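Below: one structure, written as structure tokens.
Number of protein chains: 2
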Amino acid sequence: MRKVVSSGQPTIKEIAKRLNISVSTVSRALHDHHSIGLRTKARVQQLAAELGYERNQTAIFFQQGKTFTIGILLPELSEAFFSSAISGIEDTAYSNNYTVLLGQSHDDEAREKQIIQSMKQHRVDGCIVSIGKNTRNYEHFEMLRQAKIPVVFFDRIPDLPNIHSVSCNLESGTVQAVDFLLKKGHRVIGMINGPEQLVASGERAAGYMRALHKHRLKYDPELIVNADLTAAGTAEAMKHLLSLKRKVTAVVTFNDYVAMDAVQYALKQKLEINKDITFVSYANTPVSSYTAYPPAASVEQFPYEQGQAATNMLLSILNGDHDFNDYQQLIMESQLVLHT
Amino acid sequence: MRKVVSSGQPTIKEIAKRLNISVSTVSRALHDHHSIGLRTKARVQQLAAELGYERNQTAIFFQQGKTFTIGILLPELSEAFFSSAISGIEDTAYSNNYTVLLGQSHDDEAREKQIIQSMKQHRVDGCIVSIGKNTRNYEHFEMLRQAKIPVVFFDRIPDLPNIHSVSCNLESGTVQAVDFLLKKGHRVIGMINGPEQLVASGERAAGYMRALHKHRLKYDPELIVNADLTAAGTAEAMKHLLSLKRKVTAVVTFNDYVAMDAVQYALKQKLEINKDITFVSYANTPVSSYTAYPPAASVEQFPYEQGQAATNMLLSILNGDHDFNDYQQLIMESQLVLHT
DNA sequence: GTTAACCACGCAAGCGTTTGCGTAATTGGC
DNA sequence: GCCAATTACGCAAACGCTTGCGTGGTTAAC
Numbered sequence: 006m007r008k009v010v011s012s013g014q015p016t017i018k019e020i021a022k023r024l025n026i027s028v029s030t031v032s033r034a035l036h037d038h039h040s041i042g043l044r045t046k047a048r049v050q051q052l053a054a055e056l057g058y059e060r061n062q063t064a065i066f067f068q069q070g071k072t073f074t075i076g077i078l079l080p081e082l083s084e085a086f087f088s089s090a091i092s093g094i095e096d097t098a099y100s101n102n103y104t105v106l107l108g109q110s111h112d113d114e115a116r117e118k119q120i121i122q123s124m125k126q127h128r129v130d131g132c133i134v135s136i137g138k139n140t141r142n143y144e145h146f147e148m149l150r151q152a153k154i155p156v157v158f159f160d161r162i163p164d165l166p167n168i169h170s171v172s173c174n175l176e177s178g179t180v181q182a183v184d185f186l187l188k189k190g191h192r193v194i195g196m197i198n199g200p201e202q203l204v205a206s207g208e209r210a211a212g213y214m215r216a217l218h219k220h221r222l223k224y225d226p227e228l229i230v231n232a233d234l235t236a237a238g239t240a241e242a243m244k245h246l247l248s249l250k251r252k253v254t255a256v257v258t259f260n261d262y263v264a265m266d267a268v269q270y271a272l273k274q275k276l277e278i279n280k281d282i283t284f285v286s287y288a289n290t291p292v293s294s295y296t297a298y299p300p301a302a303s304v305e306q307f308p309y310e311q312g313q314a315a316t317n318m319l320l321s322i323l324n325g326d327h328d329f330n331d332y333q334q335l336i337m338e339s340q341l342v343l344h345t
Numbered sequence: 006m007r008k009v010v011s012s013g014q015p016t017i018k019e020i021a022k023r024l025n026i027s028v029s030t031v032s033r034a035l036h037d038h039h040s041i042g043l044r045t046k047a048r049v050q051q052l053a054a055e056l057g058y059e060r061n062q063t064a065i066f067f068q069q070g071k072t073f074t075i076g077i078l079l080p081e082l083s084e085a086f087f088s089s090a091i092s093g094i095e096d097t098a099y100s101n102n103y104t105v106l107l108g109q110s111h112d113d114e115a116r117e118k119q120i121i122q123s124m125k126q127h128r129v130d131g132c133i134v135s136i137g138k139n140t141r142n143y144e145h146f147e148m149l150r151q152a153k154i155p156v157v158f159f160d161r162i163p164d165l166p167n168i169h170s171v172s173c174n175l176e177s178g179t180v181q182a183v184d185f186l187l188k189k190g191h192r193v194i195g196m197i198n199g200p201e202q203l204v205a206s207g208e209r210a211a212g213y214m215r216a217l218h219k220h221r222l223k224y225d226p227e228l229i230v231n232a233d234l235t236a237a238g239t240a241e242a243m244k245h246l247l248s249l250k251r252k253v254t255a256v257v258t259f260n261d262y263v264a265m266d267a268v269q270y271a272l273k274q275k276l277e278i279n280k281d282i283t284f285v286s287y288a289n290t291p292v293s294s295y296t297a298y299p300p301a302a303s304v305e306q307f308p309y310e311q312g313q314a315a316t317n318m319l320l321s322i323l324n325g326d327h328d329f330n331d332y333q334q335l336i337m338e339s340q341l342v343l344h345t
């Protein structure tokens with residue numbers, strides 16, 4: 006006894022039977038194929054409309070081996086930076102008739118792997134991913150490569166050869182940030198950086214050093230501390246910086262959230278913000294404009310635009326606009342935004 | 006000349022050929038079917054592992070007429086309230102082996118329709134949607150009903166009979182909010198409400214009136230104004246409220262963003278926040294804790310939990326735990342959170 | 001020794017669509 | 001009036017997988 010799954014949705018076969026023609030003719034008529042007569046075309050299209058026919062995408066996906074779906078894997082959907090990025094990705098995917106499959110890793114490597122696995126099984130055409138901050142092992146991305154599913158990394162990019170990526174040039178933004186502080190007279194500038202293995206952390210550190218070098222100042226390794234981006238980690242980092250002999254008067258923090266946490270810590274230590282200590286950070290989160298003690302400046306990373314760019318890159322790869330081995334890395338310019 | 010789409014991915018057929026057994030045996034072996042001998046099971050599973058076999062989900066989706074995918078349609082992915090909700094939805098979908106297809110309407114009715122259409126074509130098993138604030142026409146949801154695709158509405162719920170929904174009891178939260186203001190001595194309390202057709206707006210208004218009634222105060226219709234949630238609309242609403250003869254000393258705003266905009270307007274009018282005028286709002290956006298002039302209190306709506314609840318409801322419907330005509334509406338309690 | 005039960009597997013249909021190829025019938029050129 | 005091109009359509013395979021049914025072979029019960 007066959008289970009009837011039909012759900013009433015009319016199929017191409019239905020139309021064919023009613024019109025007494027073959028399914029192939031119906032299919033072609035629906036696609037406006039030139040080899041179908043005008044009369045039959047019209048009849049088919051009219052009946053299709055009447056029946057409320059809708060192509061069964063799952064059948065087409067299966068048949069074509071293409072899903073017009075892109076998978077997007079992010080650490081945390083609710084973080085402002087990433088949710089802006091999602092927004093940019095969805096917008097450009099949508100206008101190119103692609104849909105978006107979503108997954109969040111919560112910075113958990115195991116979950117990251119499972120999601121990638123799931124996306125692979127779903128046969129997404131490509132992926133856009135920002136890796137978790139604890140991810141050390143990249144074999145799941147290697148599997149995607151073997152399955153010939155292209156992936157564009159963005160923002161949090163793994164340290165791997167031969168990948169596509171979109172990111173912001175944080176080094177130049179950091180130079181701008183440190184320049185800004187130096188011009189305001191600060192000489193002992195701390196930095197609360199992120200986990201060491203993130204490329205983004207390396208870029209921040211590099212920018213920091215380049216700016217110092219430009220001004221012929223010497224670099225004190227004690228001033229850069231790698232934290233884990235939690236409130237507790239930030240507090241500890243601040244504690245370290247404030248314990249140094251040379252008085253730290255400004256701190257560059259990994260992002261606006263870290264900045265806010267750092268501000269909280271500083272306030273507890275009875276420091277006056279923008280007087281005893283000045284903060285500069287990254288992300289330029291919109292809310293910081295409403296904030297009591299916003300960082301004096303923030304490096305805008307254009308998440309929405311990064312999302313757009315990553316999607317466009319992925320789509321052009323899917324369209325076969327490039328050689329398979331032509332790995333692209335788009336680096337957007339970040340920009341320091343003053344909040345004074 | 007047949008195009009080779011294979012992409013090298015091994016199929017069930019491959020395994021069958023190599024082992025000289027039938028595809029059905031392989032399929033059953035992979036599913037641990039009892040009617041397959043232990044020896045063959047082992048051989049199949051080992052070879053599958055060696056080859057890196059992975060089931061082709063698109064084929065299964067097609068064959069089973071089920072996609073294990075839920076569509077989620079929201080006005081704006083980057084809004085904090087919704088991105089928390091997404092997070093909750095994705096988490097519970099993930100732990101039930103469902104995946105999530107994403108779309109944002111940008112509060113545009115036409116786009117909302119297109120996305121629903123697209124999800125229908127993608128044959129999602131069900132949908133979770135929060136409607137756009139301008140949506141007046143609900144025929145696209147009627148189409149989903151006809152296609153027997155269940156949909157759970159949440160937060161922004163249309164005024165339709167026979168729907169599933171998850172929402173927060175804003176009326177009680179509003180009563181708490183107005184009570185709070187009344188106890189602080191405010192007697193002329195304005196309200197910047199949302200678009201009239203939103204159920205959420207009605208609930209806020211009802212709560213407002215109920216609180217007044219409880220305290221035997223009479224209700225002045227001039228004090229409630231329906232705005233469009235833009236900064237400009239909020240400014241206009243504030244202008245109206247401040248122009249009234251009776252001096253408004255407190256305002257309940259539709260959400261934290263409206264509150265922030267209202268605060269900005271009040272500051273421009275040289276009003277002192279929490280002295281000349283006090284704000285109470287909804288959403289309890291985390292950032293408002295960092296904010297310069299946060300609302301004195303905010304009604305927490307638990308977006309993450311709402312997302313979880315909506316997903317659980319949808320999954321239980323998909324599991325056939327209910328009659329088809331057993332429409333459920335879950336109403337969660339909101340809770341006033343003081344920021345003092 | 002017959003029947004029944006079970007075990008281990010193969011056959012083949014079917015899900016809805018696309019598409020290469022074949023085949024009539026009509027048209028046009030000379 | 002013959003060949004070629006064009007028009008209008010049908011046939012059937014293929015995509016990968018699941019599953020109802022059938023079929024030998026072995027075992028157990030009476």
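Each protein sequence line maps, in turn, to chains A and B. Following my numbering, the numbering of the first sequence begins with 6 at its first residue and continues without gaps. Following my numbering, the numbering of the second sequence begins with 6 at its first residue and continues without gaps. Ideal placement from N, C-alpha and C gives every residue a C-beta, glycine not left out. Just so it is clear, the structure is predicted and the values come from calculations on it, not from any experiment.
Cβ neighbours of Ala115 of chain A within its own chain (closer than 6 Å, five residues either side excluded): none. Near chain A, meaning a CB-to-CB distance below 9 Å, the residues of the segment 115 to 138 of chain B are Arg116, Gln119, Ile120, Gln122, Ser123, Met124, Lys125, Gln126, His127, Arg128.
Sixteen is the threshold: since fewer than 16 other Cβ atoms of the shown chains lie within 10 Å of the Cβ of Gln334 of chain A, the residue is exposed.
The C-beta of Ser83 of chain A comes closer than 7 Å to at least one C-beta of chain B. In chain order, Ile197, Thr239, Met243, Val256, Thr258, Phe284 place their CB closer than 7 Å to the CB of Ala267 of chain A, counting only its own chain and leaving out the 5 sequence neighbours on each side.
DSSP links Ser303 of chain A through a beta bridge to A:Ser286, A:Val342. The contact set of Ala297 of chain A on chain B, defined by CB atoms closer than 7 Å, consists of Tyr295, Thr296, Ala297 in chain order. In this structure, DSSP gives Phe159 of chain B an extended state, which the three-state scheme calls strand. Membership of Ala297 of chain A in any alpha helix (DSSP H) is not indicated, and neither H nor E is assigned to it by DSSP. With fewer than 16 other Cβ atoms inside 10 Å of its own Cβ, Ala47 of chain B counts as exposed. Ranking A:Tyr270, A:Gly108, A:Arg192 by CA distance to the CA of Lys223 of chain A puts A:Arg192 first. The Cβ atoms of Glu310 of chain A and Gln109 of chain B lie no closer than 7 Å to each other. Here Asp160 of chain A is near Ser135 of chain A, since their CB atoms are less than 7 Å apart. With respect to Thr74 of chain A, Thr97 of chain A sits apart: the two C-beta atoms are not nearer than 7 Å.
With its beta carbon less than 7 Å from one in chain A, Glu95 of chain B belongs to the interface. For Gly108 of chain B, the beta-bridge partners assigned by DSSP are B:Leu78.
Among the CB atoms of chain B, none fall inside 7 Å of the CB of Val263 of chain A.
At least one beta carbon of chain A lies nearer than 7 Å to the beta carbon of Phe66 of chain B.
Excluding five sequence positions before and after Ala236 of chain B, the CB atoms of its chain that fall closer than 7 Å to its own CB belong to Asp266, given in chain order. Pairing Glu227 of chain A with Ser206 of chain A, the inter-Cα distance amounts to about 16 Å. Look at Val157 of chain A: its C-beta is not under 7 Å from any C-beta on chain B. One Cα belongs to Met214 of chain A, the other to Gly195 of chain B, and the distance between them is close to 54 Å.
For the 7 Å CB-CB criterion, Gln126 of chain B and Leu341 of chain B do not form a contact. DSSP, reduced to helix, strand and coil, places Ala255 of chain A within a strand of the structure shown. Contact of Leu107 of chain A with chain B by beta-carbon distance below 7 Å involves Glu95, Val105, Leu107. Taking 8 Å as the upper bound for CB-CB distance, Ser321 of chain A and Ser303 of chain A are not in contact here, some 31 Å apart. Here Gln334 of chain B is bridged, per DSSP, to B:Ser170.
For Gly195 of chain B, the enclosing beta strand (DSSP E) has its first and last residue at 194 to 198.
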